[in-house]
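A quick write-up on the structure given underneath.
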Amino acid sequence: MENLVSMKDLSADQIHQILKQTQAFRDGTTSTLKNKYMVSNLFFEPSTRTKMSFEMAERKLNLEILPFDAGFSSTLKGETLYDTVKVLESIGLDVLIIRHEQNNYFEELVGKVKPAIINGGDGTGNHPTQSLLDIYTIWQEFGTLQDKVITIVGDINHSRVARSNADALAKLGAQVRFVCPPEWQGEFEAFNEFDEVIEDSDVLMMLRVQHERHDGKTTFSKEQYHHLYGLTIERERKMKKTGIILHPAPFNRGVEIASELVECDRSRIFKQMENGVYVRMAVIEMILKGRE
Ligand code: CP
Numbered sequence: 005m006e007n008l009v010s011m012k013d014l015s016a017d018q019i020h021q022i023l024k025q026t027q028a029f030r031d032g033t034t035s036t037l038k039n040k041y042m043v044s045n046l047f048f049e050p051s052t053r054t055k056m057s058f059e060m061a062e063r064k065l066n067l068e069i070l071p072f073d074a075g076f077s078s079t080l081k082g083e084t085l086y087d088t089v090k091v092l093e094s095i096g097l098d099v100l101i102i103r104h105e106q107n108n109y110f111e112e113l114v115g116k117v118k119p120a121i122i123n124g125g126d127g128t129g130n131h132p133t134q135s136l137l138d139i140y141t142i143w144q145e146f147g148t149l150q151d152k153v154i155t156i157v158g159d160i161n162h163s164r165v166a167r168s169n170a171d172a173l174a175k176l177g178a179q180v181r182f183v184c185p186p187e188w189q190g191e192f193e194a195f196n197e198f199d200e201v202i203e204d205s206d207v208l209m210m211l212r213v214q215h216e217r218h219d220g221k222t223t224f225s226k227e228q229y230h231h232l233y234g235l236t237i238e239r240e241r242k243m244k245k246t247g248i249i250l251h252p253a254p255f256n257r258g259v260e261i262a263s264e265l266v267e268c269d270r271s272r273i274f275k276q277m278e279n280g281v282y283v284r285m286a287v288i289e290m291i292l293k294g295r296e
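Everything in the sequence shown is counted per our numbering, starting at 5 for the first residue and increasing by one.
As C-alpha cells, this is what we get:
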C-alpha cells in the first residue's frame, strides 16, 4: 500500500492486516520504523477528531510533524492543491494527510507526487480511516464482521462515511443496509422506515445530518427528523440485547441521536475515537514500511 485514498483500494486481506496491526498497537507494540519521516496534516475542511487523532498517531510513531494552516496558506492567494503538494514535496515531506471539500481531489496527486497521500475525507466521497476504525470497533466487539447486520441510518447521500463503509463492510461479509428519507437516498437502495430494521441489527450506525451540504434546503425540523429517523430512547429499547450504537461524530444531540444515548451502555462512540488513533498508526506505519 503506497497511499490510502479509498476503501475500494483495499482487499479484505489488507483490511485484516490493518486490524491486526491496530490490535498490536493497542496492546502496546511500538513503532519499528527505521527512518525519520516528516508528515503534514492539510485540512481544508473543519475537523476535530480526524486531525487530532492523526496527530496523536504521528506522535506515537515518532514522526516529525510540520504544521499546516489552510486558513493562512497560499491557497488563499489561488495556489492550487497540486502546486501546494509539490511545494511540500520539494521541502521534504514524506506523508500528507489531506481533507478537502472536492470529491476525488486525490486523483490529481496519486502517482504524480512523491509524498504518500492519506485521505482524511474528500467531500461526499471517501473517508477510509473512519471506515477502518468503524470496522475495527465492530471486530473488537464481535470478533468478526461475517454475517453481522449493520444498519447505516441518516444523511446517506451526503455521507463519505456511508460510501466508504458500503464498500468495505460488504467485502468483509457483513450485511449492510441503509435507512434514510427518500430525498437523501442518492445512489443507494434504502429503507425509508427506521422501525422496520431495528430489532435484527447488530450495529446501528447513526450519521450526522450534514446541514452544511444541504444548500439551505433541509426538509425537516430537528424534532421531525428525530421522530422519523432519530435513535430515540424508545427505539434503543427495541435493539437486540447485544446490539451496539456507532456514530462517526460530531453528533447533533436530539436530532439523529437522543442526547442520553450518546454515552449509554450500547454506545461505542468514544471507543471509535479511541480506536481511531491506533488504526491511523497502523495505516501510516504500513505505508512508510513499504518505503524502507
Ligand atoms: N468523524 C470525523 O471525521 O470527525 P471530524 O470531522 O471532527 O474529523
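C-beta: ideal position from N, C-alpha, C; glycine also.
Cβ-based burial, residue i [other Cβ within 10 Å; buried from 16]
| i | result |
| --- | --- |
| TYR231 | One point to set straight first is that residue 231 is His, not Tyr, in the sequence displayed. Answer is exposed; the Cβ neighbour count stays below 16. |
| ASN169 | buried |
| GLU200 | exposed |
| VAL91 | exposed |
| THR155 | buried |
| PRO4 | The chain is shown only over 5 to 296; residue 4 falls outside these bounds and no answer can be derived. |
| THR223 | exposed |
| LYS152 | buried |
| SER78 | exposed |
| ASN161 | buried |
| THR34 | exposed |
Residue-level contact to chain B via CB, residue i, 8 Å cutoff
| i | result |
| --- | --- |
| ASN107 | Absent here is chain B; the protein component of the structure consists of one chain. |
Near the ligand GDP: residue i beta-carbon under 7 Å from a heavy atom
| i | result |
| --- | --- |
| ARG239 | This structure lacks the ligand GDP; the ligands present are the ligand CP. |
Residue i CB to nearest heavy atom of the ligand CP below 7 Å
| i | result |
| --- | --- |
| GLY158 | no |
| SER94 | no |
| THR52 | yes |
| LYS116 | no |
| GLY75 | no |
| ALA178 | no |
| GLN214 | no |
| GLN134 | yes |
| HIS162 | no |
| ALA262 | no |
| GLY125 | yes |
Candidates the options: closest to residue i by CA position
| i | options | result |
| --- | --- | --- |
| ASN7 | LYS116, GLU267 and GLY129 | LYS116 |
| SER205 | CYS184, GLU187, LEU67 and GLY247 | GLY247 |
| GLU216 | ARG257, LEU208 and SER163 | SER163 |
| GLU267 | PRO185, HIS251, ASN279 and THR141 | HIS251 |
| ASP13 | ASP171, GLU240, PHE198 and LEU235 | ASP171 |
| ILE19 | SER135, ASP126, ASP98 and PHE47 | SER135 |
| ASP159 | VAL89, PHE195 and VAL207 | PHE195 |
| GLN214 | LEU208, GLU203 and TYR229 | TYR229 |
| GLU59 | GLY32, LEU292, ILE288 and GLU296 | ILE288 |
| GLN144 | VAL207, THR33 and ASN39 | VAL207 |
| PHE72 | PHE48, THR84 and ASN66 | PHE48 |
| ALA61 | MET5, GLU111 and THR133 | THR133 |
Short Cβ contact (8 Å threshold) for residue i with residue j
| i | j | result |
| --- | --- | --- |
| ILE273 | ALA253 | yes |
| LEU100 | SER57 | no |
| ALA178 | LEU211 | no |
| LEU137 | VAL259 | no |
| ALA16 | LEU176 | yes |
| GLY82 | ARG103 | no |
| PHE198 | PHE182 | no |
| TYR140 | ASN279 | yes |
8 Å contact criterion, which residue i and residue j should meet: CB distance rounded
| i | j | result |
| --- | --- | --- |
| CYS184 | VAL157 | 7 Å |
| SER271 | ILE249 | 5 Å |
| GLU203 | LYS242 | 6 Å |
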